[in-house]
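For the sequence shown, this note's numbering gives the first residue as 138, with consecutive numbering after it.
Glycine included, every Cβ here is placed at the ideal spot set by N, Cα and C.
In this text the structure is predicted, and so the values were computed from the model without any measurement.
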Amino acid sequence: MIHPHTYIHPNARLATNVKVDPFTVIHQDVEIGEGTWISSNVTIMEGARIGKNCRIFPGAVIAAVPQDLKFEGEYSIVEIGDDTTIREFVTINRGTKDRGRTAVGKNCLIMAYSHLAHDCIIGNNVIMSNNVQMAGHVTVGDWAIIGGVSAVHQFVQIGQHAFVSGGSLVSKDVPPFIKAARTPLSYAGVNSVGLKRRGFSVDRINHILDIYRILYNKGMNTSQALEFIEEEFSATDERDEIVTFIRESGRGIIKRYTKGSTDDDISI
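What follows is the structure, given as structure tokens:
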């Protein structure tokens, strides 16, 4: 299963049925799980931890050192969960001492030319379309989808089941269960289509929609809206996820789109 024109360091640990195509280089301190396929011209560097049944396509570079001037050579890793697909020329950098790791969850699809910088934490079942560029310390929740050619600012959080439209500049946090679109990036409704596909009932979707109507349509500031939601809405997983996400937001959440919005509103 290992082509003779590959280089695998003697200290790398590969399961017995891993398939590695020609001209790939695998460095020391690498672990690769059962059933994973590594295509041609892939570079897997020190500190990579790759799960079972993954597929890594030509030109990908996994676990290169961070592009961070504060990096001092500390030990860190990249983790990739089972059944995840990494397409052509994706680059995923190791973590720094801040989090110690960069992680991609299970059953993710990271499409061609995307970049995940140091200390990014990506959940399960996430889709990143072609050429998504993700700065350091970004967190993405389970089932989120990020459209192609989007750029995500450092320390941004994208909530679970969120959908970010293609070509977006994501400079503020995107709460869970919503669609984000336009310029500057704004709230564009609840991701009802995605939620239906994942088995959410109409009642659960309407519950989420009612919460976001309070947040975005009732003229309250964020603190007032959160207090109202906690007082008036029964506790549910969805309510608590939304409230906790917004309360813990470091960069602030995206706003509702208004005609007066301009690119000048984008924080850097």
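Check for me: the alpha helix (DSSP H) holding residue i runs from which residue to which?
| i | result |
| --- | --- |
| Gly331 | 329-334 |
| Ile379 | 374-384 |
| Ile366 | 359-369 |
Would you decide whether residue i is buried or exposed? Buried here means 16 or more other CB atoms lie within 10 Å of its CB.
| i | result |
| --- | --- |
| Thr161 | buried |
| Glu216 | buried |
| Ser308 | buried |
| Ala197 | buried |
| Tyr353 | buried |
| Pro406 | The requested residue 406 does not occur in the structure, where the chain is confined to residues 138 to 405. |
| Pro434 | No answer is possible for residue 434: it lies beyond the span of the chain, which begins at 138 and ends at 405. |
| Arg150 | exposed |
| Asp401 | For Asp401, the predicted structure reports a pLDDT of 41, less than 50, and the residue's modelled location is therefore unreliable. A value from the coordinates is still provided. Per the 10 Å Cβ criterion, exposed. |
| Asp340 | exposed |
| Glu183 | buried |
| Arg231 | buried |
| Asp374 | exposed |
| Thr173 | buried |
| Lys207 | exposed |
| Gly304 | exposed |
| Asp176 | Residue 176 is actually Ser in this sequence, not Asp. With 16 or more other Cβ atoms within 10 Å, it is buried. |
| His255 | buried |
What's the gap between the Cα of residue i and the Cα of residue j?
| i | j | result |
| --- | --- | --- |
| Ser389 | Tyr144 | For the sequence presented, residue 389 should be read as Gly rather than Ser. Looking at the two C-alpha atoms, the distance is approximately 46 Å. |
| Ile348 | Thr320 | 24 Å |
| Val293 | Tyr250 | 20 Å |
| Thr228 | Val330 | 30 Å |
| Asn358 | Glu364 | 10 Å |
| Asp166 | Ala185 | 7 Å |
| Asn328 | Tyr394 | 16 Å |
| Ala299 | Ala318 | 11 Å |
| Val202 | Arg236 | 14 Å |
| Asn262 | Ile283 | 12 Å |
| Val289 | Gly278 | 14 Å |
| Ser371 | Lys355 | 19 Å |
| Glu211 | Thr233 | 7 Å |
| Val286 | Gln361 | 35 Å |
| Val311 | Gln297 | 9 Å |
| Thr180 | Ser386 | 35 Å |
| Thr153 | Cys191 | 14 Å |
| Ile199 | Gly326 | 35 Å |
With respect to the beta strand (DSSP E) encompassing residue i, which residues constitute its N-terminal and C-terminal limits?
| i | result |
| --- | --- |
| Asn230 | 228-230 |
| Ala240 | 238-241 |
| Ile187 | 185-187 |
| Ala318 | 315-318 |
| Val339 | Premise fails: Val339 lies in the alpha helix (DSSP H), 339-354, not in any beta strand (DSSP E). |
| Ile199 | 198-201 |
| Val215 | 214-217 |
Could you check which residue in the options has the C-alpha nearest to that of residue i?
| i | options | result |
| --- | --- | --- |
| Lys392 | Val269, Glu385, Arg341, Leu322 | Leu322 |
| Thr419 | Val311, Val275, Ile175 | Since the first residue shown for the chain is 138 and the last is 405, residue 419 is missing from the structure and cannot be characterised. |
| Asn148 | His142, Ile163, Asn154 | Ile163 |
| Ile351 | Val155, Arg376, Ser338 | Arg376 |
| Asn244 | Asn230, His252, Val157, Gly218 | Gly218 |
| Ile366 | Glu171, His344, Ser386 | His344 |
| Thr222 | Ile295, Pro195, Lys316, Gln297 | Pro195 |
| Val269 | Lys234, Gly232, Glu225, Ser338 | Glu225 |
| Gly260 | Ile181, Arg384, Ile295, Phe337 | Ile295 |
| Gly188 | Val179, Val155, Ser213 | Val155 |
| Ile214 | Leu346, Ile247, Glu168 | Glu168 |
| Gly170 | Val157, Ser177, Asn178 | Val157 |
State yes or no: is the beta carbon of residue i nearer than 9 Å to at least one beta carbon in chain B?
| i | result |
| --- | --- |
| Ile247 | The structure shown contains no chain B, having only a single protein chain. |
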